[in-house]
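In terms of our numbering, the sequence shown has 146 at position 145, counting the first letter as 1, and numbering is strictly consecutive.
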Amino acid sequence: MKVDRLVSIIMILLDKKRIGAQALADMFEVSPRTIYRDIDAINMAGIPVRGASGVGGGFEIMPEYKIDKKVFSTADLSALLMGLSSLSNIVRGDELVHALAKVKSFIPADRAKDIELKLNQICIDLSPWLGNSNIQKYLEIIKSALQENKLLSFEYIAHRGKSTTRTVEPYQLVMKSSHWYLQGYCHKRKDFRLFRLSRMSNLQMQEETFALRDYQKPILDFTDTLETLQTEIKIRIHKSVMDRVLDFWSYEDFSPAGEEHYIVSFPFIENEYYYDILLSFGDKCECLEPSHIREEMKRRIHDIAALYQN
2 MKVDRLVSII MILLDKKRIG AQALADMFEV SPRTIYRDID AINMAGIPVR GASGVGGGFE
62 IMPEYKIDKK VFSTADLSAL LMGLSSLSNI VRGDELVHAL AKVKSFIPAD RAKDIELKLN
122 QICIDLSPWL GNSNIQKYLE IIKSALQENK LLSFEYIAHR GKSTTRTVEP YQLVMKSSHW
182 YLQGYCHKRK DFRLFRLSRM SNLQMQEETF ALRDYQKPIL DFTDTLETLQ TEIKIRIHKS
242 VMDRVLDFWS YEDFSPAGEE HYIVSFPFIE NEYYYDILLS FGDKCECLEP SHIREEMKRR
302 IHDIAALYQN
């Protein structure tokens, strides 16, 4: 958006003594002619920008308009840059580019090295190793729909593979446990629902707009509920899958069982998701107890084997 670009240019000019039109054009991926029009707009807004020609020339703001960049500490700037940089890996858009430019403009030259050092101490990369190739495209569509209050339509694969067509009023993008979700009001269900982006297909933004409702934020913390549903089972695992089991439970619950195996008290809920976790360990995991879960595992393994008999 032009307004975002103008604000970003102002922040850059507040920080730098002088910068050329081509440098600004490259930064915002526009033409130098657009930058000249932006500078005219900034002058019309009452902020005096003057230009200098020749070698080392460019635009600069009058010194009396400079601001005190000590308003942010080194820790403040590092935290802001870390958060914005991690988001820019997965949520692309001009607003993040401009926000990063604004924050960087507050970095004094004498603290730049220290801030860069602290920023590099922690790396947050939320982009997946592998995944649905549509996710990035869908994020951009949903962002536009959120900004313009427009309806979304899509095909959705729900529980047990049931496919339905949904029309949804979008209210919030949610990232939970490395997965993206859309929270919105579903016209089919007449209620707010949480939709996982990876289960969507044929996502389209409609021309029709909607009036905002009283928004119901999604419930994202199920700790108390899970504690009432979970039971502990005992599994015997080979050490070769120990690293994967540690993704679900802590090392303190591992007891050595010989040189090659461990007995693990594993938190379990009797549903498809948890049975699939156990099956994913293959022949490196055996459910020891309780007996009814062990029997259910045997039944599922038998069904899998039956697929390959012919």
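A virtual CB, placed ideally from N, CA and C, is assigned to each residue, including glycine.
If you're wondering where the values come from, they're calculated on a predicted model, not measured in any experiment.
Taking all protein chains shown into account, do 16 or more other C-beta atoms lie within 10 angstroms of the C-beta of residue i, making it buried, or fewer, making it exposed?
{"i": "V56", "result": "exposed"}
{"i": "M2", "result": "Legend: pLDDT at M2 = 45, less than 50; position of this residue unreliable, value from coordinates given subsequently. Classification of M2: exposed, given that the 10 Å Cβ count is below 16."}
{"i": "E170", "result": "buried"}
{"i": "D312", "result": "The structure shown does not extend to residue 312, since the chain spans only 2 to 311, so no value can be given for it."}
{"i": "M45", "result": "exposed"}
{"i": "F249", "result": "exposed"}
{"i": "R167", "result": "buried"}
{"i": "R190", "result": "exposed"}
{"i": "Y172", "result": "buried"}
{"i": "S178", "result": "exposed"}
{"i": "I294", "result": "buried"}
{"i": "A307", "result": "exposed"}
{"i": "R161", "result": "exposed"}
{"i": "Y274", "result": "exposed"}
{"i": "Y309", "result": "exposed"}
Give the DSSP bridge partners of residue i, in chain order.
{"i": "V265", "result": "I236 and F255"}
{"i": "T210", "result": "K151"}
{"i": "F193", "result": "Y186"}
{"i": "Y181", "result": "The sequence shown places Trp at residue 181, rather than the Tyr named in the question. Answer is M176, bridged to W181."}
{"i": "I142", "result": "Paired residue(s): none; I142 is not in a bridge."}
{"i": "Y157", "result": "T165 and M201"}
Comparing the CB of residue i with every heavy atom of the ligand ATP, is any distance shorter than 6 Å?
{"i": "Y274", "result": "No copy of the ligand ATP appears in this structure; indeed no ligand is present at all."}
Taking the beta strand (DSSP E) that residue i falls in, what are its first and last residues?
{"i": "F60", "result": "G59 to I62"}
{"i": "Y172", "result": "S164 to K177"}
{"i": "V50", "result": "V50 to A53"}
{"i": "L289", "result": "C286 to E290"}
Which whole-angstrom value describes the C-beta separation of residue i and residue j, a residue pair presumed to lie in contact below a C-beta threshold of 8 Å?
{"i": "G185", "j": "R194", "result": "7 Å"}
{"i": "I20", "j": "G59", "result": "5 Å"}
{"i": "Y139", "j": "L213", "result": "That pair is no contact at about 22 Å."}
{"i": "R237", "j": "E271", "result": "That pair is no contact at about 19 Å."}
{"i": "F269", "j": "T232", "result": "6 Å"}
Under the three-state reduction of DSSP, which class applies to residue i: helix, strand or coil?
{"i": "I10", "result": "helix"}
{"i": "L221", "result": "coil"}
{"i": "L204", "result": "strand"}
{"i": "Y309", "result": "coil"}
{"i": "I270", "result": "coil"}
What are the boundary residues of the alpha helix (DSSP H) that residue i is part of?
{"i": "E273", "result": "E273 to S281"}
{"i": "A26", "result": "A22 to F29"}
{"i": "Y37", "result": "P33 to M45"}
{"i": "V246", "result": "M243 to V246"}
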